[in-house]
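> I'd like to ask you about the structure that follows.
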Amino acid sequence: MNPFSIALLSLAMSTDAFAAAVGKGMALERPHWGEALRTGAIFGAIEGTTPLIGWALGLAAADYVKAWDHWIAFVLLLGLGGHMVINGLQPPESQAGDKPSRHGFWPLALTGFATSVDAMVVGVGLAFLDVPILPVALAIGCTTLVAVTLGVMAGRVLGRAAGRRAEIMGGLVLAGIGAAILFEHLRAG
């Protein structure tokens, strides 16, 4: 693979993570660059690791992973998005306070994994092509780090404009990403 192809692949793999990060940023109380970088690092590490996992799965698991990746992403994103919508619909007095200033590690890691299942399948495909996986995985991880960091900060701006219902919008974004992944794979199949 040439550097241009790697760059295009990295951008394509980071788009779902960017959209999810906008939703995550909207759900936070004025996220700062430190939180945006933390979120970007978590997503980037996961997005950069999943092609390596796919590479390791190789030929034996390619059909299994490819057959279920869209369902895994759909269920995880729908569940996380639904949880955010339910929290956003609760009356203010029943919420545990205003929006959090940061997300917990596990919800971020789960969202990062859900948006990176397709990168695992790419890793399997690259194993067939005998492409050196480390530079590709590093490029995907770094691109995702930047995209997610910017996405969280974009969500900050959108969250202020959305007011109290930003968490609902963020949850709908996550659920929409999951539905889009499912629809894209079902339509292609």
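Here the sequence shown stands for residues -19 to -1, 1 to 170, where the numbers follow mature numbering (1 follows the signal peptide of the UniProt record, and there is no 0).
Just so it is clear, CB atoms sit at the ideal spot from N, CA and C, and this is done for glycine as well.
What are the start and end residues of the alpha helix (DSSP H) that includes G85?
Premise fails: G85 is in no alpha helix (DSSP H) and is neither H nor E.
> What number of angstroms, rounded off, separates the C-alpha of M134 from the C-alpha of V127?
11 Å
> Do T125 and M7 come within 8 Å of each other at the CB atom, strictly closer than that value?
no
> I'd like to know whether the C-beta atoms of A95 and L153 end up nearer to each other than 8 Å.
no
> Could you check where the alpha helix (DSSP H) with K5 kicks off and where it finishes?
P(-17) to M7
> When you compare the CB positions of L70 and I149, do they come within less than 8 Å of one another, or not?
yes
> Strictly under 8 Å for the Cβ-Cβ distance: is L153 near chain C by that measure?
Chain labels in this structure do not include chain C; a single protein chain is all it has.
> Between E10 and the rest of its own chain, which residues show a CB-CB distance below 7 Å, the 5 nearest in sequence each way excluded?
D79, K80, P81 and S82
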